Amino acid sequence: MSEWWSYSLSDFLMFSARTYFRQFELLNRALWPLHLLAFGAGMLLIGCMLRPRKRASFTAFGVLAICWAWVAWAYHAGRYADINTGAPYFAIGFGVQAVLLAWLAVRRPAPAEGDIGRRAPVAIMALALFGYPLLAPLNGASLWQAEVFAIAPDPTVAATFAALLFWRAPWPLWIIPLLWSAASGATLKELHAPQPWLLPASAILAVALATLGARKKLSR
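If you use this note's numbering, the sequence shown corresponds to residues 135 to 354, in order.
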(Lines of atoms letter the chains of each structure in order from A and count residues from 1; the text may use other names and numbers.)
(Lines give C-alpha, C1' and ligand atoms only; values in the text may rest on other atoms or scores of the structure.)
Protein backbone atom coordinates (compact mmCIF):
# COMPACT_ATOMS: atom_id res chain seq x y z
CA MET A 1 0.00 0.00 0.00
CA SER A 2 1.38 3.39 -1.00
CA GLU A 3 2.13 5.96 1.67
CA TRP A 4 -0.56 8.60 2.09
CA TRP A 5 1.88 11.42 1.30
CA SER A 6 2.44 9.99 -2.17
CA TYR A 7 -1.09 10.92 -3.18
CA SER A 8 -2.07 14.23 -4.76
CA LEU A 9 -5.41 16.00 -5.05
CA SER A 10 -5.90 14.56 -8.53
CA ASP A 11 -5.99 11.05 -7.02
CA PHE A 12 -9.14 11.99 -5.10
CA LEU A 13 -11.01 13.80 -7.88
CA MET A 14 -13.64 11.50 -9.34
CA PHE A 15 -14.59 13.73 -12.26
CA SER A 16 -13.09 15.52 -15.25
CA ALA A 17 -13.16 19.20 -16.14
CA ARG A 18 -15.84 18.42 -18.70
CA THR A 19 -18.04 16.81 -16.04
CA TYR A 20 -17.35 19.65 -13.60
CA PHE A 21 -18.50 22.38 -15.97
CA ARG A 22 -21.33 20.26 -17.33
CA GLN A 23 -22.98 20.44 -13.89
CA PHE A 24 -23.14 24.24 -14.19
CA GLU A 25 -24.86 23.88 -17.55
CA LEU A 26 -27.48 21.53 -16.09
CA LEU A 27 -27.99 23.81 -13.10
CA ASN A 28 -28.32 26.93 -15.23
CA ARG A 29 -30.82 25.31 -17.56
CA ALA A 30 -32.86 24.09 -14.61
CA LEU A 31 -32.92 27.44 -12.81
CA TRP A 32 -33.33 29.90 -15.68
CA PRO A 33 -34.71 32.65 -15.45
CA LEU A 34 -33.77 32.79 -11.76
CA HIS A 35 -30.52 34.35 -13.02
CA LEU A 36 -32.37 37.64 -13.49
CA LEU A 37 -33.20 37.72 -9.80
CA ALA A 38 -29.59 36.83 -8.97
CA PHE A 39 -28.35 39.67 -11.16
CA GLY A 40 -30.75 42.05 -9.44
CA ALA A 41 -29.41 40.94 -6.05
CA GLY A 42 -25.88 41.60 -7.23
CA MET A 43 -26.78 45.07 -8.47
CA LEU A 44 -28.39 45.75 -5.11
CA LEU A 45 -25.09 44.89 -3.41
CA ILE A 46 -23.20 47.27 -5.69
CA GLY A 47 -25.77 49.96 -4.94
CA CYS A 48 -25.27 49.43 -1.21
CA MET A 49 -21.57 50.08 -1.71
CA LEU A 50 -21.91 53.09 -3.94
CA ARG A 51 -24.45 54.68 -1.60
CA PRO A 52 -23.76 53.20 1.86
CA ARG A 53 -26.73 54.48 3.80
CA LYS A 54 -27.66 53.57 7.36
CA ARG A 55 -29.14 50.13 6.61
CA ALA A 56 -26.97 49.33 3.59
CA SER A 57 -24.86 46.76 5.46
CA PHE A 58 -28.02 45.15 6.85
CA THR A 59 -29.34 44.73 3.32
CA ALA A 60 -26.04 43.55 1.86
CA PHE A 61 -25.30 40.85 4.42
CA GLY A 62 -28.92 39.76 4.46
CA VAL A 63 -28.81 39.24 0.69
CA LEU A 64 -25.50 37.39 0.94
CA ALA A 65 -26.88 35.13 3.68
CA ILE A 66 -29.72 34.09 1.37
CA CYS A 67 -27.28 33.53 -1.50
CA TRP A 68 -24.99 31.30 0.57
CA ALA A 69 -27.93 29.27 1.83
CA TRP A 70 -29.23 28.86 -1.72
CA VAL A 71 -25.84 27.78 -3.11
CA ALA A 72 -25.49 25.29 -0.24
CA TRP A 73 -28.80 23.68 -1.13
CA ALA A 74 -29.13 24.09 -4.90
CA TYR A 75 -25.50 23.61 -5.92
CA HIS A 76 -23.55 21.68 -3.30
CA ALA A 77 -26.33 19.41 -2.08
CA GLY A 78 -28.29 19.38 -5.34
CA ARG A 79 -25.60 19.11 -8.05
CA TYR A 80 -22.04 18.88 -6.80
CA ALA A 81 -22.93 15.95 -4.55
CA ASP A 82 -23.56 13.89 -7.70
CA ILE A 83 -19.86 13.98 -8.62
CA ASN A 84 -18.06 14.79 -5.36
CA THR A 85 -18.52 12.89 -2.10
CA GLY A 86 -17.23 15.92 -0.20
CA ALA A 87 -20.04 18.16 -1.45
CA PRO A 88 -22.39 17.52 1.52
CA TYR A 89 -19.67 18.87 3.81
CA PHE A 90 -19.29 21.91 1.55
CA ALA A 91 -23.04 22.38 1.81
CA ILE A 92 -22.79 22.37 5.60
CA GLY A 93 -19.97 24.92 5.46
CA PHE A 94 -21.95 27.21 3.19
CA GLY A 95 -24.96 26.84 5.49
CA VAL A 96 -22.86 27.85 8.49
CA GLN A 97 -21.57 30.89 6.60
CA ALA A 98 -25.16 31.83 5.73
CA VAL A 99 -26.02 31.83 9.43
CA LEU A 100 -22.97 33.96 10.24
CA LEU A 101 -23.85 36.47 7.54
CA ALA A 102 -27.42 36.64 8.78
CA TRP A 103 -26.09 37.29 12.29
CA LEU A 104 -23.88 40.05 10.93
CA ALA A 105 -26.84 41.61 9.12
CA VAL A 106 -28.94 41.67 12.30
CA ARG A 107 -25.99 42.99 14.27
CA ARG A 108 -25.92 46.02 11.93
CA PRO A 109 -22.19 46.66 11.68
CA ALA A 110 -20.91 50.23 11.55
CA PRO A 111 -20.88 52.01 8.18
CA ALA A 112 -17.81 51.54 6.02
CA GLU A 113 -14.88 53.79 6.78
CA GLY A 114 -12.80 55.66 4.26
CA ASP A 115 -9.39 53.97 4.63
CA ILE A 116 -10.04 51.23 2.11
CA GLY A 117 -12.22 53.23 -0.24
CA ARG A 118 -14.82 51.91 -2.60
CA ARG A 119 -12.79 51.10 -5.69
CA ALA A 120 -11.33 47.73 -4.69
CA PRO A 121 -14.51 46.30 -3.09
CA VAL A 122 -16.67 47.48 -5.98
CA ALA A 123 -14.15 46.06 -8.47
CA ILE A 124 -14.25 42.65 -6.76
CA MET A 125 -18.05 42.81 -6.72
CA ALA A 126 -18.10 43.69 -10.42
CA LEU A 127 -15.81 40.71 -11.11
CA ALA A 128 -18.25 38.44 -9.31
CA LEU A 129 -21.28 39.85 -11.10
CA PHE A 130 -19.97 40.52 -14.61
CA GLY A 131 -16.57 38.85 -14.92
CA TYR A 132 -17.34 35.29 -13.90
CA PRO A 133 -20.25 34.78 -16.35
CA LEU A 134 -17.97 35.87 -19.21
CA LEU A 135 -15.31 33.27 -18.45
CA ALA A 136 -17.24 30.46 -20.13
CA PRO A 137 -17.67 32.10 -23.56
CA LEU A 138 -14.17 33.61 -23.39
CA ASN A 139 -12.78 30.11 -22.91
CA GLY A 140 -14.81 28.70 -25.78
CA ALA A 141 -17.56 27.09 -23.69
CA SER A 142 -21.30 27.53 -23.88
CA LEU A 143 -22.83 30.45 -22.01
CA TRP A 144 -24.96 27.86 -20.24
CA GLN A 145 -21.80 26.79 -18.42
CA ALA A 146 -21.28 30.26 -16.98
CA GLU A 147 -20.74 30.61 -13.24
CA VAL A 148 -23.29 33.11 -11.99
CA PHE A 149 -23.41 34.99 -8.70
CA ALA A 150 -25.88 33.52 -6.16
CA ILE A 151 -26.06 30.31 -8.21
CA ALA A 152 -22.45 29.13 -8.46
CA PRO A 153 -20.12 29.19 -5.43
CA ASP A 154 -17.04 31.00 -6.75
CA PRO A 155 -18.67 34.30 -7.80
CA THR A 156 -20.79 34.20 -4.64
CA VAL A 157 -17.65 33.89 -2.51
CA ALA A 158 -15.90 36.65 -4.48
CA ALA A 159 -18.85 38.99 -3.87
CA THR A 160 -18.71 38.11 -0.19
CA PHE A 161 -15.05 39.12 -0.02
CA ALA A 162 -16.03 42.50 -1.43
CA ALA A 163 -18.69 43.00 1.26
CA LEU A 164 -16.49 41.74 4.09
CA LEU A 165 -13.77 44.14 2.99
CA PHE A 166 -16.04 47.13 2.49
CA TRP A 167 -17.88 46.83 5.81
CA ARG A 168 -14.83 45.71 7.83
CA ALA A 169 -16.41 42.44 8.91
CA PRO A 170 -14.90 40.52 11.85
CA TRP A 171 -12.19 38.03 10.89
CA PRO A 172 -14.21 34.89 11.82
CA LEU A 173 -16.53 35.74 8.93
CA TRP A 174 -13.58 35.31 6.54
CA ILE A 175 -12.65 31.74 7.47
CA ILE A 176 -15.12 29.72 5.38
CA PRO A 177 -14.79 31.93 2.26
CA LEU A 178 -10.99 31.60 2.49
CA LEU A 179 -11.20 27.83 2.89
CA TRP A 180 -13.47 27.55 -0.13
CA SER A 181 -11.14 29.77 -2.17
CA ALA A 182 -8.25 27.42 -1.45
CA ALA A 183 -10.32 24.32 -2.18
CA SER A 184 -11.79 25.70 -5.39
CA GLY A 185 -8.47 27.00 -6.68
CA ALA A 186 -6.76 23.67 -6.01
CA THR A 187 -9.57 21.72 -7.67
CA LEU A 188 -9.55 23.87 -10.80
CA LYS A 189 -5.77 23.65 -11.01
CA GLU A 190 -5.85 19.85 -10.86
CA LEU A 191 -8.56 19.82 -13.52
CA HIS A 192 -6.37 22.09 -15.69
CA ALA A 193 -9.31 24.46 -15.93
CA PRO A 194 -8.86 28.05 -17.10
CA GLN A 195 -8.18 30.78 -14.52
CA PRO A 196 -7.81 28.58 -11.40
CA TRP A 197 -6.07 31.51 -9.70
CA LEU A 198 -8.97 33.96 -10.01
CA LEU A 199 -10.80 33.33 -6.73
CA PRO A 200 -7.61 32.83 -4.65
CA ALA A 201 -6.25 36.09 -6.08
CA SER A 202 -9.45 37.91 -5.10
CA ALA A 203 -9.15 36.43 -1.61
CA ILE A 204 -5.52 37.51 -1.24
CA LEU A 205 -6.32 41.03 -2.44
CA ALA A 206 -9.26 41.38 -0.05
CA VAL A 207 -7.28 40.06 2.93
CA ALA A 208 -4.31 42.29 2.14
CA LEU A 209 -6.48 45.40 1.91
CA ALA A 210 -8.41 44.51 5.05
CA THR A 211 -5.17 43.98 6.95
CA LEU A 212 -3.79 47.28 5.69
CA GLY A 213 -6.96 49.08 6.71
CA ALA A 214 -6.85 47.52 10.18
CA ARG A 215 -3.24 48.59 10.67
CA LYS A 216 -4.03 52.15 9.63
CA LYS A 217 -6.87 52.24 12.10
CA LEU A 218 -4.64 51.00 14.95
CA SER A 219 -1.91 53.52 14.13
CA ARG A 220 -4.24 56.49 14.61
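Note that CB positions come from ideal geometry on N, CA and C, so glycine has one too.
On a predicted model such as this, the values are computed, not experimentally measured, just so you know.
Proximity winner among G212, A270, A280, A337, relative to M259 (alpha-carbon distances): Position 125 of the sequence shown, counted from the first residue, corresponds to residue 259. Minimum Cα distance to M259 is reached at A337.
Just to confirm before moving on: does the CB-CB distance between A239 and F195 stay below 7 angstroms? Along the sequence shown, one-based indexing puts residue 239 at 105. Along the sequence shown, one-based indexing puts residue 195 at 61. Cβ distance < 7 angstroms, so A239 and F195 count as in contact.
Report back the beta-carbon spacing between L178 and V197 to the nearest angstrom; my notes put them in contact at under 8 angstroms. By one-based count along the sequence shown, residue 178 stands at place 44. By one-based count along the sequence shown, residue 197 stands at place 63. At roughly 6 angstroms, the Cβ-Cβ gap stays under 8 angstroms, so L178 and V197 are in contact.
For a test of the three-state rule: what should DSSP assign to Q329, helix, strand or coil? Numbered from its first residue, the sequence shown carries residue 329 at position 195. Residue state, collapsed to three classes: coil.
Which same chain residues end up closer than 8 angstroms to R156 when comparing Cβ atoms and leaving out the 5 residues on each side of it in sequence? Along the sequence shown, read from residue 1 onward, the residue named residue 156 stands at position 22. Cβ neighbours of R156 beyond the five flanking positions: Q279.
Span separating the alpha-carbon of A164 from that of Y214: The residue labelled residue 164 in the question sits at position 30 within the sequence shown. The residue labelled residue 214 in the question sits at position 80 within the sequence shown. If I take the Cα positions, the gap works out to 14 angstroms.
How many Å lie between W207 and R152 at the Cα? Here the question's residue 207 lines up with position 73 in the sequence shown. Here the question's residue 152 lines up with position 18 in the sequence shown. Approximately 22 angstroms, taken between the alpha carbons.
If you scan the stretch 270-346 from start to end, which runs of the alpha helix (DSSP H) of 4 or more residues do you find wholly inside it? 287-300, 309-324
What is the DSSP secondary structure of M177, reduced to helix, strand or coil? Sequence index remark: in the sequence shown, residue 177 carries index 43 (1-based). If DSSP states are grouped into helix, strand and coil, M177 belongs with the helices.
Check whether L299 and L343 have beta carbons under 7 angstroms apart: Taking the first residue of the sequence shown as 1, we reach residue 299 at position 165. Taking the first residue of the sequence shown as 1, we reach residue 343 at position 209. For L299 and L343, yes; Cβs fall inside 7 angstroms.
Run through DSSP, which three-state label would G227 get? Along the sequence shown, one-based indexing puts residue 227 at 93. Of the three classes helix, strand and coil, the one that applies to G227 here is helix, per DSSP.
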